[in-house]
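Some notes on the structure that comes next.
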Amino acid sequence: MTFILRIITPLIFLLSCFCVAGQAAASLANDLQDGQHVLLMRHADAPGYGDPAGYVISQCSTQRNLGDYGKKQSRAIGVWLSNQGIQKAEVFSSPWCRCLDTASLLNKGSVKIEPSLGSFFDDMSLEKSQTKALEVFIKNELAKQSKTPLILVTHHVNIQAYTGKVVGVGDMVLVKVNKNGEYLSHTIYLSPKV
Numbered sequence: 048m049t050f051i052l053r054i055i056t057p058l059i060f061l062l063s064c065f066c067v068a069g070q071a072a073a074s075l076a077n078d079l080q081d082g083q084h085v086l087l088m089r090h091a092d093a094p095g096y097g098d099p100a101g102y103v104i105s106q107c108s109t110q111r112n113l114g115d116y117g118k119k120q121s122r123a124i125g126v127w128l129s130n131q132g133i134q135k136a137e138v139f140s141s142p143w144c145r146c147l148d149t150a151s152l153l154n155k156g157s158v159k160i161e162p163s164l165g166s167f168f169d170d171m172s173l174e175k176s177q178t179k180a181l182e183v184f185i186k187n188e189l190a191k192q193s194k195t196p197l198i199l200v201t202h203h204v205n206i207q208a209y210t211g212k213v214v215g216v217g218d219m220v221l222v223k224v225n226k227n228g229e230y231l232s233h234t235i236y237l238s239p240k241v
């Protein structure tokens, strides 16, 4: 009997781990279909800090961009999202190239530029007005009552202003919002390892 328990106990433990992991995956996908959640994501790894002086939003060559690791990281996040049950999404991005590239490499659908997701790192006086614009955008998108998940690719300053949390490159924040698109609570999902 002891021998059987030694074999069965680890098997039961492994099965329970798979069940919990399955519930977590189902939970993220379900939350993103309930009309009360959005997934904010910080762009993937882009070597450097800030943007070079004189950068131009419409010219990627003048900006800080994703490196090879950041591109691999973006693809890995897309695979991770698929494993969570998110095959397709409404994907919006900051106009910065590192965000647009991250969003595209997720492979979750066409990417639309949303100005309220743009960085205000160079002018922190825009923090309140831009965060308010983000709330209005989220309110309007969720009011469409689509069951399609909403993924918003942006910058650390935007996520910090909206949620109060600092996240690393490629990290995701599942945000529960009220009917006005205002932050209520969150769950952080770390970027998968590449």
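At position 109 of the sequence shown (counting the first as 1) the number is 156 in our numbering, and the numbers step up by one without a gap.
All C-beta atoms, glycine included, are put in the ideal place defined by N, C-alpha and C.
Predicted model only: the values in this text are computed from it and were never measured.
- Contact check for Thr109 against Gly97 fails: the beta carbons are separated by 9 angstroms or more.
- Lys175 sits in a helix when the DSSP states are folded into three classes.
- Cα atoms of His233 and Val103: separation of roughly 33 angstroms, rounded to the nearest angstrom.
- Here Leu197 is near Leu189, since their CB atoms are less than 9 angstroms apart.
- DSSP places Thr234 in the strand class (E or B) of the three-state scheme.
- Exclusion of the five residues before and after Met88 leaves Val200, Met219 as the residues of its chain whose Cβ lies within less than 6 angstroms of its Cβ.
- Linking Gly211 to His203 through their CA atoms gives a straight-line distance of about 10 angstroms.
- Around the beta carbon of Asn130, fewer than 16 other beta carbons lie within 10 angstroms, which makes this residue exposed.
- A straight-line Cα-Cα distance of about 13 angstroms links Asn205 and Tyr230.
- Nearest neighbour of Lys179 by Cα position, chosen from Ile160, Tyr209, Glu161, turns out to be Tyr209.
- Out of Tyr116, Gly217, Cys146, the CA that lies nearest to the CA of Lys159 is found in Cys146.
- Annotation for Thr149: the continuous alpha helix (DSSP H) segment containing it runs 144–152.
- Around Glu137, the same chain offers Thr195, Leu197 as residues with beta carbons nearer than 6 angstroms, after the five sequence neighbours per side are excluded.
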